[in-house]
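>
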Amino acid sequence: CAIVAVGMDKGSNEKALQIARDHPRFVYPAIGYHPWTIQDSEIEETLVAIRRQIALCVALGEIGLDYKIKVRKELQEQVLSPLLDLAREWDKPVILHCRFSHRRVLEMVQERGLKKALFHWYSGPRDVLREILSEGYLISATPALAYSPPHEDAIRYAPLDRILLETDCPVNYQGLRATPKDVQVTLQEVARLKALDPFLVAKQTTANAFRFFEIPSFWGCPGVDHA
11 CAIVAVGMDK GSNEKALQIA RDHPRFVYPA IGYHPWTIQD SEIEETLVAI
61 RRQIALCVAL GEIGLDYKIK VRKELQEQVL SPLLDLAREW DKPVILHCRF
111 SHRRVLEMVQ ERGLKKALFH WYSGPRDVLR EILSEGYLIS ATPALAYSPP
161 HEDAIRYAPL DRILLETDCP VNYQGLRATP KDVQVTLQEV ARLKALDPFL
211 VAKQTTANAF RFFEIPSFWG CPGVDHA
């Protein structure tokens, strides 16, 4: 039906935009600045490029904080803050990386009153998850459900109408490089955890994605009404 191609730095943002141009009405771009890729010498240039291109995107991401890497927390927040402000200015959804920083990322999103936020590959504390859900935000499921108890617990707890399916490709899962087709793996894992028919999971999560990213629906997508 559709793919959201997600960037994480200036180079991958350009690739996401180009792939979307090459495959209109199938690939939709999101651009961001991942905490893993932050370099002092590139911050200003990357933020300027994102501001220049945001009108072309369905979301801002992947952005966020990662408290397990060596990049200073203060510097990560200095990058994330203007990106969240930009999302509010343009009324764009955000795709959030929040490894070991779940509470702080949620606080920063709440401070700006953002309407739409997706907490990517959520594996954090249950109390933070409850607050995420109470705000109306979403979390995403990945193939890591096959081996990650914290991720499994989050997806089991969250209602299906608050879950999106993803692959996070080209990340490696236990040594295997993910591709977009591995969304089927994610689908089967969510169906297993929820004890639901995979078609029903596909129908609901597809509707969730089209609504979250405000992608025009069309015939051929399971459970997505033509409009």
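Residue numbers for the sequence shown, in my numbering: 11 to 237. Backbone N, C-alpha and C define an ideal beta-carbon position, used for all residues, glycine too.
From the DSSP secondary-structure annotation, give me the bridge partner or partners of C108.
L75, per the DSSP bridge assignment.
> Do you know offhand how far L174's Cα is from E55's?
Going by the C-alpha atoms only, they are around 31 Å apart.
> Taking the alpha helix (DSSP H) that L139 belongs to, which residues open and close that run?
Counting along the chain, the alpha helix (DSSP H) containing L139 begins and ends at R136 to S144.
> At the 8 Å Cβ level, is Q28 part of the contact set with chain B, yes or no?
The displayed structure is made up of one protein chain only, and chain B is not part of it.
> Using 8 Å as the Cβ pair cut-off and three pairs as the minimum, do the region 191 to 200 and the region 31 to 44 touch?
The region 191 to 200, when compared against the region 31 to 44, does not touch it at the 8 Å Cβ threshold.
> Roughly how many angstroms lie between the CA atoms of T177 and S51, to the nearest whole one?
Those two C-alpha atoms are separated by around 30 Å.
> Hey, G17 and A26 are a contact pair by Cβ (cut 8 Å); roughly how many whole angstroms apart?
So it is a contact: roughly 4 Å between Cβ atoms.
> Nearest to I142 by alpha carbon, out of S91, Y167, Y183 and H33?
Checked all of S91, Y167, Y183 and H33; the closest Cα to I142 is Y167.
> What is the DSSP secondary structure of F223, counted as helix, strand or coil?
It is helical.
> Taking DSSP as the reference, what is the three-state secondary structure of S150?
In this structure, S150 counts as strand in the three-state DSSP scheme.
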